[in-house]
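Numbering (this note's numbering), first residue to last: 4 to 407.
What follows is one structure encoded as structure tokens, with my remarks underneath.
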Amino acid sequence: MGRKAAYTVKVADGQEVGFGLLVRAGDVYSVQFRDGDGGKFLLRSTGETARPRAITKAEQIIRDHYAPPETVTRTAGWDVVVAELRKHLEADGARVATVKDYIDTLNQIKKVAATPAAINTRLAQRWCNSYLTGTFSRQKGEGAKAYSRSPRTLHARVRKLKAIWSKYLVKRLRVAEANPWEAVDLPKLDQQPVRTLSSEQVNKFFEWLEKRWQGWELPSLFFEVKAVTGCRLGDLAALRTADLATVNGKHVATFAPTTTKARKSRVAVLPADLFKKLTALAGRTFLWESYASDIGQYLKLRGVPTHRINPEFDPERLVWWAKDEVDDFNKSRPEQPKIQSHDFRKRFVTEAHKAGTDVDTAAAAAGMSPATARGYYLALDQQTASEGVSAAIGETLRPKKPSA
């Protein structure tokens with residue numbers, strides 16, 4: 004949208020808001036306009052394929068956005084709110100996993116009150132206390148092991164609830180007047196140390212994979228790509244065969260913006276021998292399609308039941324398989340430090356730092372925010388600085404005790 008908007012609409016306070024129309028998904032028009040504070044541009048789907056109807060719908064979207072909350076707040080039950088939230092998330096282009104996570108989070112608090120508008124800070128706090136002291140199970144049925152929740156899990160839930168209320172329930176859906184989650188008291192969290200994988204841990208993991216899968220190369224290749232690209236599991240699992248290409252003599256994998264968390268496309272360069280192996284196993288649509296068709300025969304070699312295997316490939320199931328692999332590796336060596344799949348991503352940027360790469364370059368290569376990469380860098384630098392200073396002046400700083 005240029006400096007002068009193509010269209011304008013008058014909102015509740017009398018001001019005129021400029022907007023433009025964009026064709027974003029197929030033939031559907033989206034409306035682009037500035038937020039109420041005059042800052043960032045917002046993009047909302049009109050759901051219309053005809054420009055005249057799209058203009059009318061765009062005007063209503065903007066009027067609702069700028070309308071004072073107290074004049075349009077309405078009473079709506081949970082079923083209506085959940086359905087409307089899903090539509091808005093999908094209109095915003097939220098990823099399938101994000102939509103599922105937000106809906107699940109909202110479903111967690113449906114028993115707190117009859118409607119979202121009825122939840123106040125007192126009820127929100129009561130839910131937080133109950134959620135933290137409660138338990139959950141990863142399996143259904145009697146005898147399923149119960150796990151306690153960590154304070155970090157509660158913090159994550161409340162962050163999402165704040166976003167759902169502020170952005171959607173209060174501002175967009177107008178089904179609540181205030182955000183009750185802003186004032187809840189949460190337990191303090193200790194800063195977690197930045198954990199990086201050592202070469203020895205990486206080698207042990209791949210040795211375990213090779214022995215576990217008795218000749219099946221896909222598991223090892225999957226994690227090898229993750230290790231050399233520093234990508235997220237979801238990005239890697241959703242790679243399509245068409246995303247592999249040779250460009251200007253370099254073998255690359257392109258991660259599409261529809262799957263990456265930052266909504267930005269990025270390219271990772273692969274070693275020639277790894278690229279060759281990947282193209283050899285690539286499926287018709289998805290790179291890792293053979294996972295679904297081949298896993299059964301290798302599970303049989305291990306004596307694992309295969310009657311519940313789904314023969315249809317799904318990137319999300321591949322992600323859960325990869326997480327389970329890391330969990331099983333940790334269980335196989337209970338006395339050793341545990342690893343996480345995300346540690347390969349941290350290792351990517353920390354090894355880049357050791358090699359002299361600046362933080363912004365490493366962050367861009369990994370599809371990571373500079374702030375996150377800088378946090379990993381600073382943790383390494385702090386440890387290195389502490390070791391250097393202690394070695395240089397540690398003895399000088401120690402007091403001379405008479406009893407020594």
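The C-beta atom is built at its ideal place from N, Cα and C for all residues, glycine as well.
Going by CA-CA distance only, name the one from the options that's closest to residue i.
i, options, result
"ALA181", "PRO314, ASP193, ALA127", "ALA127"
"CYS131", "THR118, GLU185, ILE106", "GLU185"
"VAL307", "LYS103, LYS170, TRP216, ALA15", "TRP216"
"PHE225", "VAL322, SER202, GLN204", "VAL322"
"ASP38", "GLY50, LYS60, THR59, ARG66", "ARG66"
"THR375", "ALA358, ALA275, THR353", "THR353"
"GLY370", "SER268, LYS114, LEU212", "SER268"
"ASP346", "LYS103, LYS303, ARG235", "ARG235"
"ALA120", "ARG98, TRP168, LEU92, THR136", "TRP168"
For residue i, count the other beta carbons within 10 Å of its own beta carbon; 16 or more makes it buried, fewer makes it exposed. Which is it?
i, result
"SER33", "buried"
"THR78", "exposed"
"TYR105", "buried"
"ILE312", "exposed"
"THR48", "With the sequence shown as reference, residue 48 is identified as Ser, and Thr is not the correct amino acid for it. SER48 should be labelled buried."
"GLY233", "buried"
"ASP331", "exposed"
"ALA57", "buried"
"LYS279", "exposed"
"ARG129", "exposed"
"HIS356", "buried"
"LEU88", "buried"
"LEU164", "buried"
"GLU145", "exposed"
"PHE44", "exposed"
"LEU281", "buried"
What residues in its chain sit with their C-beta under 8 Å from that of residue i, if we drop five residues either side in the sequence?
i, result
"LEU221", "LEU284, TRP291, SER293, TYR294, ASP297"
"ARG160", "THR108, GLN111, TYR134"
"THR138", "ALA149, TYR150, SER151, ARG152"
"ARG305", "ARG215, GLN217"
Between the beta-carbon of residue i and the beta-carbon of residue j, is there less than 7 Å?
i, j, result
"ALA179", "VAL173", "yes"
"ALA240", "ALA256", "no"
"GLU258", "ASP238", "The amino acid at residue 258 is misidentified as Glu; the sequence shows Phe. Their beta carbons are under 7 Å apart, which means PHE258 touches ASP238 by this criterion."
"SER344", "ALA368", "no"
"LYS349", "THR199", "yes"
"ASP30", "THR52", "yes"
"ALA230", "HIS254", "no"
"GLN204", "ILE342", "yes"
"PHE36", "VAL20", "yes"
Ignore the nearest five residues each way along the sequence and tell me which others in residue i's own chain have a CB closer than 6 Å to its CB.
i, result
"VAL75", "Confidence at VAL75 is low in this model, with a pLDDT of 47, below 50, so its placement is unreliable and the value that follows should be read with caution. The answer, listed in chain order, is ARG177."
"PRO405", "none"
"ALA2", "Limits of the chain in this structure are 4 at one end and 407 at the other, which puts residue 2 out of reach."
"ALA9", "GLY23"
"ILE122", "VAL115, ALA116, PRO183"
"PRO260", "ARG266, LYS267, SER268"
For residue i, list the residues DSSP reports as bridge partners.
i, result
"PHE36", "PHE22, LEU45"
"HIS254", "THR249"
"VAL270", "THR257"
Using a Cβ-Cβ cutoff of less than 7 Å, which residues in the same chain neighbour residue i once the five nearest sequence positions on both sides are dropped?
i, result
"ASP363", "PRO373"
"ARG377", "VAL362"
"THR288", "ARG243, THR244"
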